[in-house]
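The block underneath contains the structure these notes are about, expressed in structure tokens.
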Amino acid sequence: MKKSILERALDPHELSVRFQPIVQIQGTERRLDSVEALIRGPRGTHFERADILFDYVRRKKAEAAVDQSCLTAICAAAQHLPSEVRINVNVHASTLGHNSSFVEFFHRHLREQSLAPERFTIELVEHAPSCHILELTTNIAVLREYGVRIALDDVGLGQSNYRMMLDCHPDYFKLDAYFVRDLSADSKRRAVVRSLAALAEALDSAVVAEGATSADDLLQLEEMGVPLAQANILCPALPLEDLLARGYMGVEAFDPSALKKSAKEQISACQPSRKVLSLAVGQSFYT
Amino acid sequence: MACRILILDDDEQLREAYRDYLLECGYEVDCAQELEEAQTLLAHLSYSVVITDLRLSKLAFAGLDLVKHVREHSLHTRVVVLTAYGWPELKAEASASGAHSFLKKPMRLKELGETVELLTGGRI
Chain A
84 MKKSILERAL
94 DPHELSVRFQ
104 PIVQIQGTER
114 RLDSVEALIR
124 GPRGTHFERA
134 DILFDYVRRK
144 KAEAAVDQSC
154 LTAICAAAQH
164 LPSEVRINVN
174 VHASTLGHNS
184 SFVEFFHRHL
194 REQSLAPERF
204 TIELVEHAPS
214 CHILELTTNI
224 AVLREYGVRI
234 ALDDVGLGQS
244 NYRMMLDCHP
254 DYFKLDAYFV
264 RDLSADSKRR
274 AVVRSLAALA
284 EALDSAVVAE
294 GATSADDLLQ
304 LEEMGVPLAQ
314 ANILCPALPL
324 EDLLARGYMG
334 VEAFDPSALK
344 KSAKEQISAC
354 QPSRKVLSLA
364 VGQSFYT
Chain B
4 MACRILILDD
14 DEQLREAYRD
24 YLLECGYEVD
34 CAQELEEAQT
44 LLAHLSYSVV
54 ITDLRLSKLA
64 FAGLDLVKHV
74 REHSLHTRVV
84 VLTAYGWPEL
94 KAEASASGAH
104 SFLKKPMRLK
114 ELGETVELLT
124 GGRI
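Shown next as structure tokens:
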């Protein structure tokens, strides 16, 4: 019998991983801060698209099992990342909020793969209101003991709310693209982002703005003091070999002068530079 | 752009027979083997017609749940219900849930094709 989509999603070999840089946007040089690992589902199906895959996974109530499968696929892909590069991984809050087996799996699997937990940031994604906060915060505390950082994803939308900010003490607020897109042309969006940036600062968190669509948006974020950005205009999510080959682990890839070009033009314009790669990695803003 | 059809049936052989036939007719065809898979596809993609078996292996009449789901979430989509059961009560319930057509299995593929053609207004 043909495997179901869920059975395929539970096989890490059926998943593929893209990496999208998170870039420091303050100062004269834009530098790589970390990369977010993004999962794609079984090839040749509609479920290759992450939004469709994870909608299905949530309908099947299989978040915890699939989160483990995704972590396995990400760790395999991360073997080829420069060892200094930090990695962001999405995990459902419900996975951490229901039991501790994911934390045990996470720690055991990273040890087996010789990956340092300190390199990882777990991005909490949550689409369901039912989450056991005590279990979640306990598991977050254990992860922090391992050196893992915590990010709250999709801030401003759904369950990434004030309560989650207080309960989870995230190291990073990831502002949803909805608030960042066309920021430079929309004073109301600027008001929201400014307010979230101030809140993050008050809570000792750093802001990652997702989804800027223009150089003007990036400039606006920089002026607001937002330290980090993740956007296709800086670099789209790509297979690791493409990121490495195109020099996206380096400084030059994020040169503001290149940002007037479309992402596609940037990809073709960027040439690999091993020298730049070795200089840029490991200079994380927060280490 | 060709009309897109979604088939929900847990019987792989039947599912693929319907798919192959409708592809030959010129439609775009997606298949799902379980309710949640079909519901997810409906949430993200637009379908002209959904063809669903009424009885899926693990759930008694889960096809009816899909019919209701389509009615609630995708008003423009037409629904064809397939079943081996000829009970009038079942047909009435499927219609009340929003099914537009009801075919008793086994049926000829040509009959299925004609039903889809009728529901799409002859568009392919």
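Residue numbers (our numbering), protein chains in the order written: chain A, 84 to 370; chain B, 4 to 127.
All residues carry an ideal CB built from backbone N, CA and C; glycine is no exception.
Bear in mind that the values here come from a model prediction, so they are computed numbers and not experimental data.
Annotated as proximal: alanine 97/B and leucine 67/B, with beta-carbon spacing under 8 Å.
Bounds of the alpha helix (DSSP H) holding asparagine 222/A are 216-228. Considering only Val225/A, Ile170/A, Pro95/A, the residue with the shortest C-alpha distance to serine 183/A is Val225/A. In chain order, Gly180, His181 place their CB closer than 8 Å to the CB of histidine 215/A, counting only its own chain and leaving out the 5 sequence neighbours on each side. At a C-beta separation below 9 Å, glutamate 15/B has these neighbours in chain A: Met84, Lys85. The count of Cβ pairs closer than 8 Å, one atom from the region 14-28 of chain B and one from the region 99-117 of chain A, stays below three, leaving the stretches out of contact.
According to DSSP, residue pairing for phenylalanine 256/A in a beta bridge involves Leu235/A, Val290/A.
Residue environment for glutamine 162/A: exposed (fewer than 16 other C-beta atoms within 10 angstroms of its C-beta). Annotation note: the region 135-193 of chain A contains the following uninterrupted alpha helix (DSSP H) runs of length 4 or greater, listed N- to C-terminal: 146-161, 176-181. By the Cβ-count criterion, alanine 312/A is buried, with 16 or more other Cβ atoms from all chains shown falling within 10 Å of its own Cβ. Under the three-pair Cβ rule at 8 Å, the region 147-154 of chain A does not count as touching the region 101-115 of chain A. Residues are counted here when their Cβ sits less than 8 Å from a Cβ of chain A; for the region 25-57 of chain B these are Asp33, Gln36, Glu37, Glu39, Glu40, Gln42, Thr43, Leu44, Ala46, His47, Leu48, given in chain order.
Comparing alpha-carbon positions, the option among Cys158/A, Arg91/A, Gln103/A lying closest to leucine 327/A turns out to be Gln103/A.
Identification of residues in the region 141-164 of chain A having a C-beta nearer than 7 Å to some C-beta of chain B yields Arg142, Lys143, given in sequence order.
For alanine 35/B, the pairing in a beta bridge is given by DSSP as Leu11/B.
Per the Cβ contact rule, the region 163-179 of chain A is not in contact with the region 86-93 of chain A (fewer than 3 Cβ pairs under 8 Å).
Where alanine 281/A is concerned, the enclosing alpha helix (DSSP H) starts and stops at 270-285. For the pair glycine 230/A and leucine 48/B, the Cα-to-Cα distance works out to about 41 Å. Under the three-state reduction of DSSP, threonine 204/A is assigned to strand. The C-beta distance from leucine 85/B to leucine 106/B rounds to 5 Å, short enough to meet the 8 Å contact threshold. Boundaries of the alpha helix (DSSP H) harbouring glutamine 303/A: 298-306, taken from the DSSP string. Going by DSSP, arginine 114/A is part of the beta strand (DSSP E) stretching over 114-123. The C-beta of proline 310/A has 16 or more other C-beta atoms within 10 Å across all chains shown, which makes the residue buried. A check of alpha carbon separations from alanine 87/B across Asp56/B, His79/B, Arg81/B identifies Asp56/B as the nearest.
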